[in-house]
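Q: Heads up, the sequence shown stops at 1148 in the numbering used here, and the numbers go up one at a time, no gaps.
From the three backbone atoms N, C-alpha and C, an ideal C-beta is built for every residue, glycine too.
None of these values were measured; they are calculated from a predicted model.
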Amino acid sequence: MLAAIATLLSPVEAALAQDASGAQSLDQAANDPTASIMSLQLADWYTPTYHHLDDSDNAIALRAAIPFELGGIDNIFRITAPIITDHPALEPGLGDITIFDLMVFNENWGRWGVGAVALLPTGGDHRGADQWALGPALGFTAPVSDDLLVGLFNQNLFHIGGDQALGQADVNVSTFQPILSHKLGGGWSVGFSEMQIAYDWEDGRFSSLPLGIQVSKLQKFGDLPVQFSLQYEHNFADSQVAPSDTIRATVKFLFASK
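(1) Work out the CA separation of I966 and A954 for me, nearest whole Å.
(2) What's the gap between the Cα of N996 and the Cα of D986?
(3) With a floor of 3 residues, list each beta strand (DSSP E) that falls wholly inside the region 1004 to 1076, ordered by position along the chain.
(4) Would you check whether the ligand ZN has a heavy atom nearer than 7 Å to the C-beta of A971?
(5) According to DSSP, is L980 part of a helix, a strand, or is it coil?
(6) Going by CA-CA distance only, name the one from L1028, A1023, M1085 that's closest to N1062.
(7) Tell me the DSSP bridge mates of Q1117?
(8) Considering only DSSP beta bridges, list what T975 is partnered with.
(9) Please report the straight-line C-alpha distance between A1032 and D1128, rounded to a whole angstrom.
(10) Which value, in whole angstroms, describes the spacing of the CA atoms of R968 and R1138?
(11) Please state whether DSSP places L916 in a helix, a strand or coil.
(12) Where H1150 and F1145 are concerned, what is the direct C-alpha to C-alpha distance, given to the nearest angstrom?
(13) Leaving aside the five residues before and after K1142 along the sequence, list all residues of the same chain whose C-beta is less than 6 Å from its C-beta, in chain order.
(14) Please work out which residues of its chain come closer than 6 Å, Cβ to Cβ, to G1005, disregarding the five sequence neighbours upstream and downstream, and give them in chain order.
(15) Classify P1133: buried if its beta carbon has 16 or more other beta carbons within 10 angstroms, exposed otherwise.
(16) For D934, report the span of its beta strand (DSSP E) as first-last.
(17) Return the chain-ordered list of same chain residues with a C-beta closer than 6 Å to the C-beta of D976, the five sequence neighbours on each side being excluded.
Here it is, written out as structure tokens:
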């Protein structure tokens, strides 16, 4: 369950046009978790193999990112709603929703942000952890060159209420996502997948140690930029039942300011 929550914690993957991001190009900003632009994302998350379990799972993830300004500070609000279609332990339907708000600050070296993330038990005890969780988030991105973006993002969820579901422990997990994206030209880019390195404070161990790659293509349909992405990653944390391999296919609509 904590591995699934870690996947939900993947940060805002937004984009912004040249005029909204200074020197950052649209191709590079399309993979910047601190970029301020409205986006709508539809993804299919498929796990064909598990460690210590002969089974698979699949979910459709709906994600919206909405930038806004509060007190003169730029914010990014994100909501992720997973719809479980197949799972070895959970019933089909709406899973636990995560909401996220990040305050972002521009610097001469790049951009950093700080905010909060929350887990809402909308899946109940049949499709989620059945717990409320809340915690801080922080991270940064820095363009090494016009073609290369690096960064790191950390999010933390700590149990604040609700019952344990299906024999699960309290949700107390921290995730760390290394960010690397290299622009290839023609709208193509390659980099890390949504690699959520997750540490479970209840068990005192890393519950997820993934390594993965993402290939993306940014394409404009009229004035609307759309990013198509395909990801593959392998989870090296294999001491307990957990996803082994994960494939994600994503379509993201970017509503950039003109």
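A: Reading it off the structure:
(1) 10 Å
(2) 32 Å
(3) 1021 to 1033, 1038 to 1052, 1062 to 1075
(4) This structure lacks the ligand ZN, and indeed carries no ligand of any kind.
(5) coil
(6) A1023
(7) L1108, K1142
(8) T975 pairs with nothing; no bridge assigned.
(9) 32 Å
(10) 19 Å
(11) helix
(12) Outside the shown range of the chain (891 to 1148) lies residue 1150, about which nothing can therefore be said.
(13) S929, Q931, Q1117
(14) D991, L992, M993, A1027
(15) buried
(16) 928 to 941
(17) D947, N948
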